[in-house]
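Novice: Numbering (my numbering), first residue to last: 146 to 249.
1. So if DSSP puts residue 171 in a beta bridge, which residue, or which two residues, is it bridged to?
2. DSSP on residue 182, reduced to helix/strand/coil?
3. Could you tell me which residues DSSP puts in a beta bridge with residue 155?
4. Should residue 247 go down as buried or exposed, given a rule of 16 or more other Cβ atoms within 10 Å for buried?
5. Just the Cα atoms here: how many angstroms apart are residue 189 and residue 203?
6. What is the DSSP secondary structure of residue 242, reduced to helix, strand or coil?
7. Is the beta carbon of residue 215 sitting closer than 7 Å to the one on residue 172?
8. CA-CA distance, residue 198 and residue 223?
9. Can you name the start and end residues of the alpha helix (DSSP H) that residue 224 belongs to?
10. Can you give me the C-alpha to C-alpha distance between residue 153 and residue 194, rounded to a whole angstrom?
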């Protein structure tokens, strides 16, 4: 059955999920501190748009974005002592992430 709107859904939390109605991808990571800082959800939305803008495979781009944000969250949580410093460290971590940070 063809999908009427040809779109996908991204749901974030302890685990992040992205689906196109047929496949479901999952990303794990991040910090509880993100829930205490205003603007992190907005930044995720903007980053999703950026990831999708250059993507050939939309669903994979969504989950890659979640991995990117989770990595920044994890990094920021190790460098901060509370919500205020977390916010600054999160923005810095987003800026400082390099492709080699995701190579295993």
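Quick reminder that beta carbons are idealized off the backbone N, C-alpha and C, glycines included.
Specialist: Taking the coordinates as given:
1. Per DSSP, 162.
2. Looking at residue 182 - three-state DSSP - the assignment turns out to be coil, as it is neither helix nor strand.
3. 163.
4. Burial call: exposed.
5. Their Cα atoms are separated by approximately 15 Å.
6. Three-state result, residue 242: coil.
7. Taking 7 Å as the Cβ cut-off, residue 215 and residue 172 qualify as a contacting pair.
8. Taking the CA atoms as reference points, residue 198 sits about 31 Å from residue 223.
9. For residue 224, the enclosing alpha helix (DSSP H) begins and ends at 203 to 224.
10. Per the coordinates, the alpha-carbon of residue 153 lies some 13 Å from the alpha-carbon of residue 194.
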